[in-house]
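Under the numbering used here, think of the first position of the sequence shown as 505, with each following residue one higher. Even for Gly, the Cβ is constructed at its ideal location relative to N, Cα and C. Computed from a predicted model, the values in this text were never measured in an experiment. In what follows, a single structure is set out as structure tokens and then discussed.
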Amino acid sequence: MRSPRSSPPPSLLSSPALGDLDAGESGSRKRARPDDLHAPGPSGSNDDALASHDGFQLENGEDDDDDEEGPKDKKAGRRKIKIEFIQDKSRRHITFSKRKAGIMKKAYELSTLTGTQVLLLVVSETGLVYTFTTAKLQPLVTQPEGKNLIQACLNAP
């Protein structure tokens, strides 16, 4: 039985592994735990400064709802980028590695979900060819005839 989170099969004939460049962590605000909250004293006084509408409150007396604040300068998560050539070689290599991994994953998911035959070729700036194939199309990248066809296509003007 397969685990619910499976990775692409080893038939992914990728050239050298470039390592995990996606090691960034996303920061998140920490909510106060219910046992950290200040309860009203035994006198039954209602302390509005400590109450919040959702029952969670930070220790400084403010709730952590962000919906009432204006736009922030720093944005966590995804940002929209311009689709244009990346001049910085290091950034370009990182982007290539991440996006190549993403498109390989998409090819695997497409073949798994729909039962289609997929052949994906990605050629780097340095000329390395990365491939993803389903079983039926694998001879195109493993046998000499298929390799020659791919090489002829890459050498064409």
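At a cut-off of 3 residues, the continuous stretches assigned as beta strand (DSSP E) that sit fully inside the region 595 to 659 are 623 to 627 and 633 to 637. Collapsing the DSSP output to three states places lysine 593 in a helix. In the assembly as shown, threonine 630 is an exposed residue. Its beta-carbon has fewer than 16 other beta-carbons within 10 Å. By the CB criterion at 8 Å, isoleucine 607 and valine 633 fall outside the cutoff.
Straight across, the Cα-Cα distance linking lysine 593 with phenylalanine 600 is about 10 Å. Of all alpha-carbon atoms in Gly581, Lys584, Glu613 and Ala656, the one lying nearest the alpha-carbon of threonine 637 is that of Glu613. The alpha-carbon of alanine 611 is positioned some 7 Å away from that of leucine 624.
Within the same chain, and ignoring the five residues on either side of isoleucine 654 in sequence, the residues whose Cβ sits closer than 8 Å to its Cβ are Leu625, Val633, Leu644 and Val645.
In this structure, the alpha-carbon of leucine 617 lies about 31 Å from that of lysine 586. As the crow flies, the alpha-carbon of asparagine 652 is around 10 Å from that of leucine 658. For glutamine 642 and alanine 660, the gap between their C-alpha atoms comes out near 23 Å.
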